[in-house]
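Visitor: For what it's worth, the numbering used here labels the leading residue of the sequence shown as 9, then goes sequentially.
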Amino acid sequence: LMLFDQREFVRVDEYGLDPLLDESYAAIEGVESYVSYTVNAMEQFNPGLISFNAYKTIKWWRAIMVYNGLDDIWEITQGMKLKIPNVNEMTTRLQRAKVTGAESSVVTI
9 LMLFDQREFV
19 RVDEYGLDPL
29 LDESYAAIEG
39 VESYVSYTVN
49 AMEQFNPGLI
59 SFNAYKTIKW
69 WRAIMVYNGL
79 DDIWEITQGM
89 KLKIPNVNEM
99 TTRLQRAKVT
109 GAESSVVTI
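1) With which residues is T46 paired in a DSSP beta bridge?
2) Give a yes or no on contact between the segment 31-38 and the segment 49-58, applying the rule of three or more CB pairs nearer than 8 Å.
3) May I ask you to report which of helix, strand or coil DSSP gives M64?
4) Applying the 10 Å Cβ sphere with the 16-neighbour rule, what's the burial state of A71?
5) Quick check: what's the CA-CA separation for K64 versus V107?
6) Residue range of the alpha helix (DSSP H) that E84 falls in?
7) Smallest Cα separation from N121: which of A34, S32, Y42?
8) Between the beta-carbon of I92 and the beta-carbon of P55, is there less than 8 Å?
9) Classify V107 as helix, strand or coil using the three-state DSSP reduction.
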């Protein structure tokens with residue numbers, strides 16, 4: 009299992025991250041394979057811990073937020089059902105989006 013950090017794929021303009029210009033959002037949202045996940049008390053408001061528990065790394069917390077249509081960590085509450093996207097499919101989709109959008113600047117955030 010090879011895990012990448014989604015930050016390797018993010019493109020920004022002079023104003024910062026723009027989901028309308030950044031194809032990584034569409035790539036993440038397009039993942040079809042996922043597992044259902046129930047947020048426990050310790051994970052409430054903590055997408056990094058959810059990412060760690062799901063992937064053994066905190067680096068994918070933003071992808072989990074995007075995949076579930078969440079804008080704010082305070083939306084994550086105990087007992088909430090989340091979809092955890094398949095990391096292999098997500099990585100493949102992100103790599104394809106990065107290749108097709110190579111003309112834009114790529115930065116690590």
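For glycine and all other residues, C-beta sits at the position ideal for the given N, C-alpha and C.
Guide: Let me lay it out:
1) Against the sequence shown, residue 46 aligns to sequence position 38. In the DSSP output, where bridge partners are listed per residue, T46 has K89.
2) no
3) Within the sequence shown, the letter at position 56 stands for residue 64. Reading off the sequence shown, one finds Lys at residue 64, where the question assumed Met. Note: K64 maps to coil in three-state DSSP.
4) As a first step, residue 71 must be located in the sequence shown, where it is residue number 63. By the neighbour-count rule (16 or more Cβ atoms within 10 Å), A71 is buried.
5) Taking the first residue of the sequence shown as 1, we reach residue 64 at position 56. Taking the first residue of the sequence shown as 1, we reach residue 107 at position 99. Roughly 27 Å separates the two Cα atoms.
6) Along the sequence shown, one-based indexing puts residue 84 at 76. Reading off the sequence shown, one finds Ile at residue 84, where the question assumed Glu. Segment: none, I84 is in no alpha helix (DSSP H) and carries neither H nor E.
7) For residue 121 there is no data in the structure shown, the boundaries of the chain being 9 and 117.
8) Here residue 92 corresponds to residue number 84 of the sequence shown, with the count starting at 1. Here residue 55 corresponds to residue number 47 of the sequence shown, with the count starting at 1. The answer is no: Cβ separation not under 8 Å.
9) The count along the sequence shown starts at 1 and reaches residue 107 at position 99. Helix.
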